[in-house]
Amino acid sequence: MPQTLQTVHLQAAPLTAEAFAPFGVVLEALEDGTPFTAEEAALDVSAGTPRFYIMQLRDKTPAFTRITRHLRTTQTLMSVGGSPWIIAVAPAGDLTPGAEPRYEDVRAFVVPGDVAITLAKGTWHSGPYFEPKTLAFVNVELADTNVTDHHSYLLSDELGLRVVIDVP
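To convert, note that position 71 of the sequence shown is 75 in the numbering used here; the numbers rise steadily by one, no gaps.
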């Protein structure tokens with residue numbers, strides 16, 4: 005018998021470097037010739053073969069029952085074409101495989117279309133979500149991230165929750 009899920013609402017906030025700091029870094033456009041920054045140094049794909057690709061996503065309305073993380077790599081995401089998008093995140097917390105996120109710590113952000121984010125290793129995340137029917141994203145992670153380093157927590161099974169992100 006299917007479980008009836010409780011729908012909870014999460015308000016998306018505008019993305020700022022300060023608000024996003026517990027989850028990773030925000031990368032904004034820099035003038036050519038700008039020296040290397042600490043935000044750029046947050047990228048860590050040293051545990052395997054880096055993968056830089058453009059992924060095409062479809063029908064990603066802002067609601068979820070699963071949150072995922074990667075323990076071996078950071079992940080950098082940026083929309084292609086300048087469209088804003090949404091991501092839900094929670095701090096990495098305990099980095100032991102099998103550890104669980106704290107639902108109370110989940111936050112959502114509206115990411116402007118002209119910036120990228122790098123998720124810290126272990127940061128729980130769900131998304132990207134967006135309004136258009138399809139949207140492409142630059143994605144930097146490891147070649148085998150989605151095969152060997154994809155740790156998910158089912159809010160639906162564990163807490164009976166479905167999260168809907170409200171966008172301002």
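Glycine included, every Cβ here is placed at the ideal spot set by N, Cα and C.
Taking 8 Å as the limit between beta carbons, can you name the residues of its chain near residue i, skipping five residues before and five after?
{"i": "K137", "result": "R62, D63"}
{"i": "V168", "result": "T11, V12, H13, L14, P66, A67"}
{"i": "A33", "result": "D118, V119"}
{"i": "V151", "result": "none"}
{"i": "A45", "result": "none"}
Please determine, among the options, the residue with the shortest C-alpha to C-alpha distance to residue i.
{"i": "V30", "options": "S130, V12, G131, T122", "result": "T122"}
{"i": "F141", "options": "V115, L81, V171", "result": "L81"}
{"i": "D48", "options": "W128, A124, A16, A21", "result": "A124"}
{"i": "I91", "options": "Q60, L146, F27", "result": "F27"}
{"i": "F113", "options": "P172, E35, A42", "result": "P172"}
{"i": "E104", "options": "D161, F40, L139", "result": "D161"}
{"i": "D148", "options": "Q79, A120, G86, A96", "result": "Q79"}
{"i": "P132", "options": "G37, V84, R106", "result": "V84"}
{"i": "M59", "options": "E145, R166, R111, D170", "result": "E145"}
{"i": "R55", "options": "A42, L34, T77", "result": "T77"}
{"i": "L163", "options": "N143, A21, T69", "result": "T69"}
{"i": "L165", "options": "R106, N143, L139, E135", "result": "R106"}
{"i": "A23", "options": "V93, S130, A42, T100", "result": "V93"}
For residue i, is the classification buried or exposed, using 16 other Cβ atoms within 10 angstroms of its Cβ as the cut-off for buried?
{"i": "H154", "result": "exposed"}
{"i": "A16", "result": "buried"}
{"i": "P6", "result": "Residue placement at P6 is poorly supported in this model, since its pLDDT is 49, which falls under 50; the coordinates are not used for a value here."}
{"i": "P18", "result": "exposed"}
{"i": "F40", "result": "exposed"}
{"i": "T127", "result": "buried"}
{"i": "V110", "result": "buried"}
{"i": "T50", "result": "Note that residue 50 is Ser in the sequence shown, not Thr. So S50 counts as exposed."}
Using the DSSP secondary-structure output, state which residues sit across from residue i in a beta bridge.
{"i": "P18", "result": "V114"}
{"i": "V29", "result": "T122"}
{"i": "F141", "result": "M59, S83"}
{"i": "L146", "result": "P54"}
{"i": "V168", "result": "H13, A67"}
Below 6 Å CB to CB, which residues in the same chain sit around residue i once its five sequence neighbours on both sides are set aside?
{"i": "P116", "result": "P88"}
{"i": "D170", "result": "H13, Q15"}
{"i": "P95", "result": "P26, D109"}
Relative to the ligand COA, is the shortest distance from any of its heavy atoms to the C-beta of residue i smaller than 6 Å?
{"i": "G52", "result": "The ligand COA is not part of this structure, which contains no ligands at all."}
For residue i, decide whether its Cβ has a neighbour in chain D, counting only Cβ atoms nearer than 7 Å.
{"i": "F27", "result": "Any reference to chain D falls outside this structure, which holds one protein chain only."}
Do the region 69-76 and the region 151-166 touch if we need at least three Cβ pairs shorter than 8 Å?
When C-beta atoms of the region 69-76 are compared with those of the region 151-166, three or more pairs fall below 8 Å, so the two segments count as touching.
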